[in-house]
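My numbering applies: residue 1068 is where the sequence shown begins, and numbers increase by one. Ideal placement from N, C-alpha and C gives every residue a C-beta, glycine not left out. None of these values were measured; they are calculated from a predicted model.
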Amino acid sequence: MLGDRIRTKRMQRGYSLRQLAEVTGFTPSFLSQVERNLAMPSIMSLRKVAEALEVPIFYFLLDDGEEQRVVRKSERKVLNFPESHLTFELLTPGLNHTIEMITARLEPGAATCDRKLSHHGEECVLVVQGTMQIEVDEDVYILSEGDSIYYSSSLPHRIVNIDGNTDLVFVSAISPPNF
């Protein structure tokens, strides 16, 4: 389960709950509840924990079993949290390669995050459905179905669904795996 994987990785990194709390800004009590699977962190909270433990978010959702080449639609790892307007699915079979591909669905008017975030690497995003506003550093771009954008993900960025009637669906290739 999610909490077990967080605890295992925290211990591998040599962090106490208090030390992880200091790095993430969460309380040791909250982190303890997450590790005991009594509380479910938001996507943004899980992102902070993943960054502190130096792993992609999807690390916490993958099985340790033998990696496959083919990922069936029905077998994708899904990242979706209560009260979130965003769903991610991992298209690549694992995170131990040089590229990670995800598909995302974002409800009308919603954003991938409250403020622009950055991380090491590069991204290429393809709009499959809807209209995307993507903010990269100080630039703002509007993309429609079939449009794509490439950028250094070390620049602060975020995505907003500006279509008021339909979900935004996009595919993102990230190198190295970071999400």
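Close-in-space but distant-in-sequence residues of the same chain around residue i (CB under 6 Å, 5 per side omitted)
i       : result
Leu1113 : Ile1124
Gln1200 : Ile1209, Val1227, Ile1229
Gly1026 : Nothing can be reported for residue 1026, as the shown portion of the chain is limited to 1068 through 1246.
Glu1156 : Arg1143, Val1145, Thr1170
Asn1147 : Thr1154
Test item: CB-CB of residue i and residue j under 8 Å
i       : j       : result
Ser1215 : Leu1193 : yes
Thr1170 : Leu1158 : yes
Ile1073 : Phe1127 : yes
Lys1115 : Gly1092 : yes
Thr1179 : Arg1225 : yes
Buried versus exposed call for residue i [16 or more other C-beta atoms within 10 Å across all chains shown]
i       : result
His1187 : exposed
Phe1221 : In the sequence as presented, Phe is not what sits at residue 1221; that position holds Ser. The residue in question, Ser1221, is exposed, as its Cβ has fewer than 16 Cβ neighbours within 10 Å.
His1164 : exposed
Coarse secondary structure for residue i, derived from DSSP in three states
i       : result
Asp1206 : strand
Phe1237 : strand
Beta-bridge pairing of residue i - partner residues as DSSP gives them
i       : result
Lys1144 : Leu1157
Residue-chain proximity (residue i, chain B), Cβ-Cβ < 8 Å
i       : result
Arg1103 : No chain B appears in the structure shown, which is made up of a single protein chain.
Own chain partners of residue i with C-beta closer than 7 Å, once the 5 adjacent residues on each side are dropped
i       : result
Val1122 : Lys1076
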